[in-house]
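Reviewing the structure listed below.
In the numbering used here, the protein residues as written are -13 to 153.
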């Protein structure tokens, strides 16, 4: 079996057999925050969009640990405990020098399922701060540029070897 487009921390290596292959990605959350600070050096607040599903809760633990070194420089707002309606309301009234990081929204805290990227355009329509992400499939629409990982995996057809998108 070939596992692709999975973040390396989510692979249970003990479950793999000698016939399995993994083509994993790796999120570097501190580098993504550094990008925000490079583009918007006066940033004081980062609102982090992340849902409340079991998998999203695991991500929240990892992200908080990795971003702890920024605690003296930035204030983080974690949207994982809010309904999407509340997220939209809050994002429309963020303080000056804020940025939004769109990580993942599968299920909000009210238990509402959000399919695909339908939430991002809704957030963009009301947000009063620029939105960043790690996923290049959103670039060119609602997202500010910077280092992103390629979201498309091509095993049988040629792909451009690009892992960085900039604006």
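Note that the Cβ used here is the ideal one computed from N, Cα and C, for glycine as well.
Contacting residues, own chain, Cβ-Cβ under 6 angstroms from residue i (five flanking each side not counted)
| i | result |
| --- | --- |
| residue 39 | 92 and 93 |
| residue 68 | 95 |
Nonlocal neighbours in the same chain, by C-beta distance under 7 angstroms from residue i, ignoring five residues either side
| i | result |
| --- | --- |
| residue 74 | 108, 109 and 112 |
| residue 15 | 49, 52 and 53 |
| residue 4 | none |
| residue -1 | none |
Any non-hydrogen atom of the ligand ZN within 8 angstroms of residue i CB
| i | result |
| --- | --- |
| residue 9 | Absence of the ligand ZN is noted for the structure shown, with no ligands found whatsoever. |
Strand pairing of residue i, partner residues [DSSP]
| i | result |
| --- | --- |
| residue 118 | 87 |
| residue 31 | 61 and 84 |
| residue 130 | Bridge partners of residue 130: none, in fact. |
Separation of residue j from residue i, as counted between CA atoms
| i | j | result |
| --- | --- | --- |
| residue 144 | residue 58 | Confidence in residue 144 is poor, its pLDDT being 41 and thus under 50, which makes the residue's placement too unreliable to answer from. |
| residue 66 | residue 35 | 7 angstroms |
| residue 130 | residue 72 | 23 angstroms |
| residue 12 | residue 121 | 12 angstroms |
| residue 61 | residue 104 | 27 angstroms |
| residue 80 | residue 41 | 27 angstroms |
| residue 115 | residue 70 | 17 angstroms |
| residue 138 | residue 128 | Residue confidence is low: residue 138 scores 46 on pLDDT, short of 50, so the model does not pin down where it sits. No coordinate-derived value is stated. |
| residue 37 | residue 56 | 22 angstroms |
| residue 1 | residue 102 | 28 angstroms |
| residue 78 | residue 10 | 35 angstroms |
Segment limits, alpha helix (DSSP H) that includes residue i
| i | result |
| --- | --- |
| residue 4 | First-last for residue 4: undefined, no H or E at that position. |
| residue 16 | 15 to 25 |
| residue -1 | Neither: residue -1 is in no alpha helix (DSSP H) and is coded neither H nor E. |
| residue 101 | No alpha helix (DSSP H) contains residue 101, which DSSP labels as neither H nor E. |
| residue 42 | 40 to 53 |
| residue 73 | 70 to 77 |
| residue 111 | 105 to 112 |
Pair within 9 angstroms by beta-carbon distance, residue i and residue j
| i | j | result |
| --- | --- | --- |
| residue 33 | residue 85 | yes |
| residue 118 | residue 28 | no |
| residue -12 | residue -3 | no |
| residue 82 | residue 30 | yes |
| residue 64 | residue 90 | no |
| residue 23 | residue 87 | no |
Sequence-distant residues of the same chain with beta carbon closer than 8 angstroms to residue i, five excluded per side
| i | result |
| --- | --- |
| residue 76 | 33, 63, 65 and 68 |
| residue 98 | 69 and 70 |
| residue 100 | 37, 70, 91, 92, 93 and 94 |
| residue 6 | -13, -12 and -11 |
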